[in-house]
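Heads up, the thing below is written out as structure tokens.
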């Protein structure tokens, strides 16, 4: 499996709008086993996205999906920047669910 | 929802043993919606654990469950330390599944 843990900063006041776009955009992505969008508890503009994919290629190909492309173009103006980013290799646990 | 993203360092050479204990220990935890254990891709001793709970209290109470207590006592000798830790408030996404 292939995993990403990443922090995104929204334009001030746009965090909820950005999260809505992100959650709508991720429906039915082949190979996506988990994709969770969260507030950072200490920064009112920050978002954490944690992702698990069956492999790195599925993540790469997801970026070309029509709904993802559309979400990216709508999200871009609401993104102020990016923070920490960690690549992982998930081994197991609870909440790994096939999608798309 | 309540979320945690945390890095753990295993005693050298004990990462797989530690992950096995962690994954076994998390079965049937009430209120747990996601609990994924992953290798760090750049540090051979590091583990990332990403968790989502229905609320903070469920996470707190999980630490008293018999299987979790047993896992903690078996895991302790294999843990060298802890790294980054981020508290989150998950909003939605894919892979949020009731357990326990």
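Protein chains in written order, with this note's numbering: chain A, 6 to 105; chain B, 6 to 105.
Beta carbons: idealized from backbone N, C-alpha and C, even for Gly.
Being a predicted model, the structure only gives us computed values, none of them experimental.
Using 10 angstroms around the beta-carbon of residue 67/B, count the other beta-carbons present and answer buried if the total reaches 16, otherwise exposed. Counted from its first residue, the second chain places residue 67/B at position 62. Buried.
Put residue 21/A into one of helix, strand or coil per three-state DSSP. Indexing the first chain from 1 puts residue 21/A at position 16. Reduced to three states, the DSSP call for residue 21/A is helix.
Roughly how many angstroms lie between the CA atoms of residue 30/B and residue 7/A, to the nearest whole one? The residue you call residue 30/B lines up with position 25 of the second chain. The residue you call residue 7/A lines up with position 2 of the first chain. If I take the Cα positions, the gap works out to 23 Å.
Within 10 angstroms of the Cβ of residue 12/A, are there 16 or more other Cβ atoms? Answer buried if so, exposed if not. Locating residue 12/A in the first chain gives position 7, where the first residue counts as 1. Residue environment: residue 12/A is assigned as buried (16 or more neighbouring CB atoms within 10 Å of its CB, all protein chains considered).
Does residue 50/A have its Cβ less than 8 Å from a Cβ in chain B? Position 45 of the first chain, counted from the start, is the residue given in the question as residue 50/A. For residue 50/A, the answer is no, since every Cβ of chain B falls outside 8 Å of its Cβ.
Once you ignore the five residues that flank residue 55/B on each side, which residues in its own chain have a CB closer than 6 Å to its CB? If you number the second chain from 1, residue 55/B lands on position 50. 10, 41.
C-alpha distance - residue 47/B paired with residue 47/A, whole-angstrom precision: As a working mapping, residue 47/B is identified with position 42 in the second chain. As a working mapping, residue 47/A is identified with position 42 in the first chain. Each residue's alpha carbon lies about 27 Å from the other.
Express the C-alpha separation of residue 101/A and residue 37/B in angstroms, rounding to a whole number. For the purposes of this step, residue 37/B is taken as the residue at position 32 of the second chain. For the purposes of this step, residue 101/A is taken as the residue at position 96 of the first chain. The alpha-carbon atoms of residue 37/B and residue 101/A are separated by roughly 13 Å.
Which runs of the beta strand (DSSP E), 3 residues or longer, sit entirely within the segment 23 to 55 of chain B? 37 to 45
Whose Cβ in chain B lies nearer than 8 Å to the Cβ of residue 64/A? Numbered from its first residue, the first chain carries residue 64/A at position 59. Result: empty, since nearest Cβ-Cβ is about 13 Å, beyond 8 Å.
Are the C-beta of residue 53/A and some C-beta of chain B separated by less than 8 Å? Numbered from 1 along the first chain, position 48 holds the residue referred to as residue 53/A. Yes, because at least one Cβ of chain B sits closer than 8 Å to the Cβ of residue 53/A.
Per DSSP, which one or two residues make a beta bridge with residue 95/B? As a first step, residue 95/B is located in the second chain; it is residue number 90 there, counting from the start. Answer is 43/A.
Three CB pairs or more closer than 8 Å across the segment 15 to 32 of chain B and the segment 82 to 89 of chain B: A contact exists between the segment 15 to 32 of chain B and the segment 82 to 89 of chain B.
From 33/A, 16/A, 28/A, 87/A, residue whose alpha carbon lies closest to that of residue 103/A: For this step, residue 103/A is matched to residue 98 along the first chain. Closest by alpha carbon: 33/A.
Does residue 16/B have its Cβ less than 8 Å from a Cβ in chain A? Working through the second chain from its first residue, we reach residue 16/B at position 11. Chain A contact via Cβ: absent.
What three-state label does DSSP hand residue 57/B in the structure shown? The residue given as residue 57/B occupies position 52 in the second chain. Reduced to three states, the DSSP call for residue 57/B is strand.
Between residue 35/B and residue 63/B, what straight-line distance do the alpha-carbon atoms span, to the nearest angstrom? Start at 1 with the first residue of the second chain, and residue 35/B comes out as number 30. Start at 1 with the first residue of the second chain, and residue 63/B comes out as number 58. Cα-Cα distance, rounded: 7 Å.
Below 8 Å between beta carbons is the criterion; list the residues of the segment 70 to 99 of chain A that meet it against any residue of chain B, in chain order. Listed by position along the chain: 89, 91, 92, 93, 94, 95, 96, 97, 98, 99.
Check whether the Cβ atoms of residue 96/A and residue 43/B lie closer than 8 Å to each other. Here the question's residue 96/A lines up with position 91 in the first chain. Here the question's residue 43/B lines up with position 38 in the second chain. Result yes, Cβ atoms of residue 96/A and residue 43/B sit closer than 8 Å.
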